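The sequence shown begins at 22 in this note's numbering and counts up by one.
Some notes on the structure that comes next.
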Amino acid sequence: MSRLIVVSNRVPLPDRNGQPPAGGLAVAVHSALKANGGIWMGWTGETVEEEPGPPTVREDGAISYVLTDLTQRDVDEYYNGFANRVLWPIFHMRLDLAEYARREMAGYFRVNRLFADRLVPMLQPDDVIWVHDYHLIPLADELRKRGVRNRIGYFLHIPWPPADILFAMPIYDTILRALSAYDLIGFQTDYDLENFIGCLQRDGAGDTLRAADGRQVTIGNNTGAGARIAAYGREFAAAAFPIGIDTAGFERLSAKVATREPVQAMRQSLGGRALIIGVDRLDYSKGIQQRIDAYERFLENNPADRGRVTMLQVAPKSRSEVPEYKAMQDAVATQCGQVNGRHGTIDWVPIRYVNRSLTRGLLAGLYREARVGLVTPLRDGMNLVAKEFVAAQDPADPGVLVLSRFAGAARELAGGAVFCNPYDTEQTASAIGQALSMPLEERQRRWERMIARLRDYDVAHWCRDYLGALRA
Ligand code: ADQ
């Protein structure tokens, strides 16, 4: 079988023993690369003063890791600029936060051209190329301009917005047209796929849009929704491939760490109080402030529960160079302090706030300790924390997932999670109450539905499904 070439903004490098970093996606993609050999290319994460030199290549068995530096200007314009101040907010339906600057848009395309220039000399004619996420939308188009005729797939990890939102972005049409250079476009959910098709139709590409033989076709074997599309003079496929986690690995990990010291220490410090946990990158799309409001409302509405619950919010800093993120860091810290000031007592702190990353093992143990997992994004491509929380539970006494209906994961976890609308503080507060008082039998029934899905469609399955469709 042909080699696989993976391109993403950052590359999760293996350790000195050749082990990929923990984390579902890295492990699944590493094993796909190992199977037939290949390349994983991306940015080193380092910045240089002058034009970056040739890429660094690190060989590890059948896999080559190809890493390129970027200049500070590249990072400001491509990464902190267009990717994270235009595409991220717009794709998460936050038009109010999008800051469009022509210079940054030019930087975004310049870095995509740099990636294409670096990749072309390494390609063999039958390589299959898999590009990841919103940083690299124009990459296939740049490769085609350089004569690359290989099969090229794309997977978008974040949501695709409806036309009315996308079209507010200057150059939205360039972005849409660039995607037509791929052979397969993967989305997290069929809502994203529908939104994408809606955008093509509204852009007038709809004249030529058609499903093969007039019907929707199934691409991949798990997702149902898929379409063959003809638009902008090219034919390609698009389908939903909801990303999974390493379910079995996470189940094992959480059971193993449950008896370890840091988890035991946490349990002791709770003194019998029920733990409610939130874990997110500090990002406005995750609805952290709305969640804390809802928790406070729960405390106000249920005086008997004060002193009997503890919320732990773990939220490491993220994208601190982007002003909206910096502002949010300050706002969340202030908010936690205010809630603790208003409701705390000399022997009870309502919210514990941890502003850094924890190891996967500790996270797994904390999820398992928690009675309630609060996953309340305002918009999220998938949300792996929701899936990890479920996988970490003790089957004999599982906790309850309270999940925003605006997370991609809501599609798969219906019937198990307690859904909430994070914009509705009162309703989210009642969902917390419902979760805390749920009888064991109902908790087990709901958990079993969710874990069955997660075991069946894990990240390895997702990876096989996507690559199977791309190679087909
Ligand atoms: P993210 O926005 O980063 O991912 P998510 O899907 O929740 O969001 O994944 C976060 C990952 O980081 C999880 O594996 C989680 O365990 C880990 N993590 C979070 N907080 C942590 C902490 N404090 N310490 C250590 N680890 C932590 C993007 C999209 C999502 C999509 C994923 C995958 O925004 O919608 O689900 O990609 O496609």
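All C-beta atoms in this analysis are idealised placements derived from N, C-alpha and C, irrespective of residue type, glycine included.
None of these values were measured; they are calculated from a predicted model.
Exercise. Could you check where the alpha helix (DSSP H) with I309 kicks off and where it finishes?
Worked result: Position 288 of the sequence shown, counting from 1, holds the residue named residue 309. I309 -> alpha helix (DSSP H) spans 309-322.
Exercise. Rounded C-beta distance between V132 and E120? I'm assuming under 8 Å.
Worked result: As a position in the sequence shown, residue 132 is number 111, starting the count at 1. As a position in the sequence shown, residue 120 is number 99, starting the count at 1. So it is not a contact: roughly 18 Å between Cβ atoms.
Exercise. D304: beta carbon under 8 Å from a heavy atom of the ligand ADQ?
Worked result: Start at 1 with the first residue of the sequence shown, and residue 304 comes out as number 283. Yes; taking the cut-off as 8 Å, the Cβ of D304 has a heavy atom of the ligand ADQ nearer than that.
Exercise. Are there 16 or more other CB atoms within 10 angstroms of the CB of T380, so buried, or fewer, so exposed?
Worked result: The residue labelled residue 380 in the question sits at position 359 within the sequence shown. Per the 10 Å Cβ criterion, exposed.
Problem set entry | Nearest residue (CA-CA) to N98, options G437, R37, P33, E342 | As a first step, residue 98 is located in the sequence shown; it is residue number 77 there, counting from the start. Per the sequence shown, the amino acid found at residue 98 is Glu instead of Asn. The option with the nearest alpha carbon to E98 is E342.
Exercise. Could you give the residue range of the alpha helix (DSSP H) that holds Q414?
Worked result: Within the sequence shown, numbered from 1, the residue matching residue 414 stands at position 393. Segment: none, Q414 is in no alpha helix (DSSP H) and carries neither H nor E.
Problem set entry | Other residues of its chain near I240: CB distance less than 6 Å, five sequence neighbours each side excluded | Looking up residue 240 in the sequence shown gives position 219. Residue confidence for I240 is low, a pLDDT of 46 falling below 50, so the modelled location carries little weight; the figure read from the coordinates is stated next. If we look at I240 and ignore the five residues flanking it on each side, its Cβ neighbours are G247, A258, A260, A490.
Problem set entry | Exposure label - V278; buried when at least 16 CB within 10 Å | Within the sequence shown, numbered from 1, the residue matching residue 278 stands at position 257. Classification of V278: buried, given that the 10 Å Cβ count is 16 or more.
For this session: Could you tell me if I367 is buried or exposed, where buried requires 16 or more neighbouring beta carbons within 10 angstroms of its beta carbon?
Result: Numbered from its first residue, the sequence shown carries residue 367 at position 346. It counts as exposed.
Exercise. What's the gap between the Cα of E447 and the Cα of R312?
Worked result: Walking along the sequence shown from the start, residue 447 turns up at place 426. Walking along the sequence shown from the start, residue 312 turns up at place 291. If I take the Cα positions, the gap works out to 11 Å.
Problem set entry | Pair within 9 Å by beta-carbon distance, R492 and V149 | Counting from one through the sequence shown, the residue named residue 492 turns up at place 471. Counting from one through the sequence shown, the residue named residue 149 turns up at place 128. For R492 and V149, yes; Cβs fall inside 9 Å.
Exercise. What are the boundary residues of the beta strand (DSSP E) that M332 is part of?
Worked result: Counting from 1 along the sequence shown, the entry for residue 332 is found at position 311. Per DSSP, M332 belongs to the beta strand (DSSP E) from 330-335.
Exercise. Do I309 and L333 have their C-beta atoms within less than 9 Å of each other?
Worked result: On the sequence shown, residue 309 is found 288 positions in, with the first residue counted as 1. On the sequence shown, residue 333 is found 312 positions in, with the first residue counted as 1. The answer is no: Cβ separation not under 9 Å.
Exercise. What is the DSSP secondary structure of Y388, reduced to helix, strand or coil?
Worked result: Residue numbering aside, residue 388 sits at position 367 when the sequence shown is read from its first letter. Y388: helix per DSSP, three-state reduction.
Exercise. Are there three or more Cβ pairs, one per stretch, closer than 8 Å when the region 421-436 is compared with the region 459-469?
Worked result: yes
For this session: Tell me, please, whether the region 289-304 touches the region 383-395 by the rule of three or more beta-carbon pairs shorter than 8 Å.
Result: yes
For this session: Express the C-alpha separation of Y374 and L434 in angstroms, rounding to a whole number.
Result: Taking the first residue of the sequence shown as position 1, residue 434 is located at position 413. Taking the first residue of the sequence shown as position 1, residue 374 is located at position 353. Cα to Cα, L434 sits roughly 27 Å from Y374.
For this session: List the residues that DSSP assigns as beta-bridge partners of C441.
Result: For the purposes of this step, residue 441 is identified with residue 420 of the sequence shown, where counting begins at 1. Beta-bridge pairing links C441 to S425.
Exercise. Can you tell me whether K307 is buried or exposed, with buried defined as 16 or more other CB within 10 angstroms of its CB?
Worked result: For this step, residue 307 is matched to residue 286 along the sequence shown. Under this definition K307 is a buried residue.
Exercise. Is it buried or exposed for A122, if we count other Cβ within 10 angstroms and need 16 for buried?
Worked result: Position 101 of the sequence shown, counting from 1, holds the residue named residue 122. Classification of A122: exposed, given that the 10 Å Cβ count is below 16.
Exercise. Is the Cβ-Cβ distance between L200 and I206 less than 9 Å?
Worked result: Here residue 200 refers to the residue found at position 179 when the sequence shown is read from its first residue. Here residue 206 refers to the residue found at position 185 when the sequence shown is read from its first residue. Yes, the pair counts as a contact, with Cβ atoms nearer than the cut-off.
Problem set entry | 6 Å CB neighbourhood of M114 in its chain, flanking five on each side removed | By one-based count along the sequence shown, residue 114 stands at place 93. Only P182, I186, R400 meet the Cβ criterion.
Problem set entry | Through-space distance from N30 to G362, alpha-carbon basis | Counting from 1 along the sequence shown, the entry for residue 362 is found at position 341. Counting from 1 along the sequence shown, the entry for residue 30 is found at position 9. One C-alpha to the other measures close to 41 Å.
For this session: Give the single residue among V69, R124, R281, P443 whose Cα lies nearest to the Cα of L384.
Result: Translated into positions along the sequence shown, residue 384 becomes position 363. Nearest option by C-alpha distance: R281.
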